[in-house]
Amino acid sequence: MSRRCELTAKGAQTGHKVSHSNIKTKRRFLPNLVNVTFLSDALGRPVRLRVSTNALKSVDHRGGLDAFLLKATDAELSPKAVELKRAIAKKKAAAPVAAAS
């Protein structure tokens, strides 16, 4: 499983570990990923994703999972998140028609 956030596409970075004697050795900076269950208002069901803690703040700031996914571009989302985005958009498009009837 790759160390990549499913919502923000944040992944591992490389850099140097620098010792006291200034010797540089390669190292990896891994993102802080957590398994989270989001509640989708449009779908009416829980959704389990592996996201960075930074993405948790972003989802909360944008007003929930549905708003975050609808605003995000498909390029930065994982395939699973793109499927969720399409399902949410489809539900949102069908909801006003059902309310008008």
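Residue numbers (UniProt numbering): 1 to 101. Don't be surprised by glycine CBs; every beta carbon is placed ideally from N, CA and C.
Nearest-angstrom beta carbon gap, residue j and residue i [assumed within contact, 8 angstroms]
{"i": "Ile88", "j": "Asp74", "result": "Actually they do not touch by this definition, with Cβ atoms about 13 angstroms apart."}
For residue j and residue i, the rounded distance between their alpha carbons
{"i": "Arg27", "j": "Cys5", "result": "20 angstroms"}
{"i": "Thr14", "j": "Asn22", "result": "17 angstroms"}
{"i": "His20", "j": "Arg48", "result": "43 angstroms"}
{"i": "Leu70", "j": "Lys24", "result": "43 angstroms"}
{"i": "Gly44", "j": "Lys92", "result": "12 angstroms"}
{"i": "Arg86", "j": "Phe29", "result": "32 angstroms"}
{"i": "Asp41", "j": "Arg3", "result": "28 angstroms"}
{"i": "Ser18", "j": "Thr53", "result": "Strictly speaking, residue 18 in this sequence is Val, with Ser absent from that position. About 26 angstroms."}
{"i": "Gly64", "j": "Leu84", "result": "13 angstroms"}
{"i": "Ala95", "j": "His61", "result": "24 angstroms"}
{"i": "Ala72", "j": "Val51", "result": "14 angstroms"}
Close-in-space but distant-in-sequence residues of the same chain around residue i (CB under 6 angstroms, 5 per side omitted)
{"i": "Pro46", "result": "Thr37 and Leu39"}
{"i": "Ala12", "result": "Arg3, Arg28 and Leu30"}
Exposure of residue i, with buried meaning 16 or more beta-carbon neighbours within 10 Å
{"i": "Lys90", "result": "exposed"}
{"i": "Pro31", "result": "buried"}
{"i": "Lys10", "result": "buried"}
Same chain, Cβ closer than 8 angstroms to residue i, five either side skipped, listed in chain order
{"i": "Leu56", "result": "Val34 and Val36"}
{"i": "Ser58", "result": "Leu7, Thr8 and Phe68"}
Closer than 8 angstroms is the cut-off here; do at least three beta carbon pairs connect the stretch 27-36 with the stretch 78-86? no
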